[in-house]
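Okay, so the sequence shown: first residue is 10 according to the numbering used here, each after it adds one.
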Amino acid sequence: MTGKELLVIPTTADKIKNKEEKDQTNLKFSDNKLLIDLCGEFDKNLAEIEQKLSVQIVRRGNELNLFGDEISRAHGKATLEALYTRLEAGKSLDTGDLDRELRQFIDLKEMDYSSHATEQIEMFKKSNLEIKTRKKTIEPRTNAQ
Numbered sequence: 010m011t012g013k014e015l016l017v018i019p020t021t022a023d024k025i026k027n028k029e030e031k032d033q034t035n036l037k038f039s040d041n042k043l044l045i046d047l048c049g050e051f052d053k054n055l056a057e058i059e060q061k062l063s064v065q066i067v068r069r070g071n072e073l074n075l076f077g078d079e080i081s082r083a084h085g086k087a088t089l090e091a092l093y094t095r096l097e098a099g100k101s102l103d104t105g106d107l108d109r110e111l112r113q114f115i116d117l118k119e120m121d122y123s124s125h126a127t128e129q130i131e132m133f134k135k136s137n138l139e140i141k142t143r144k145k146t147i148e149p150r151t152n153a154q
C-alpha cells in the first residue's frame, strides 16, 4: 500500500444504484436560487419529505430524482411542486408550510373520505385562502383550518 489511499464513502445514490429499482421521477427546476430555498439548509426539507413520504430524493444540480413506489413518488412530486410554486410567487418557506403540504398526503392515507368531502377539499385546495396583515400573510396549515 502506498501512503495515499482513497477512502470511498457510500452515498444514497450508490444504494439506489445497487438496488434493481428503476422506478424514478425526475423533476427539473429552472431557478437555482429557489431550489436552494426549497431544499432548505443542509437539505433538511428534502430529508423531512423523504422521511414522511417514504421516498428517496437525490439532488443533482437543478434536478431532483425521486425513488420509491409510485404513490410515494407522486406525493413527493406534488409536494415539491407546490412548495416551489409558493417560492415562485415570492412567498417564504418555513417548517409550517412544509408540514402543511406533507400533512395533506398523510391525512389522505389515514382517512377514507366520502366523495362529497373529497370534492370540498379539492375545491379549497385550488383557491388561495389567506389573510393579509400588516406584518405577514396568514394561511391555513391543516385541512381542518
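In this text, a Cβ means the ideal position worked out from N, Cα and C, and glycines have one as well.
Item                                                                                                                                         : Value
Tell me, please, whether the stretch 61 to 81 touches the stretch 93 to 102 by the rule of three or more beta-carbon pairs shorter than 8 Å. : no
Exposed or buried, LEU111, counting other C-beta atoms within 10 Å across all chains shown (16 or more means buried)?                        : buried
Please report how far the alpha carbon of ASP40 lies from the alpha carbon of THR146, in whole angstroms.                                    : 24 Å
What are the start and end residues of the alpha helix (DSSP H) that includes ARG82?                                                         : 79 to 97
Which same chain residues, not among the five before or five after TYR93, have their C-beta less than 8 Å away from its C-beta?              : PHE38, LEU43, LEU44, LEU47
In this structure, how does DSSP classify ARG143 when only helix, strand and coil are distinguished?                                         : coil
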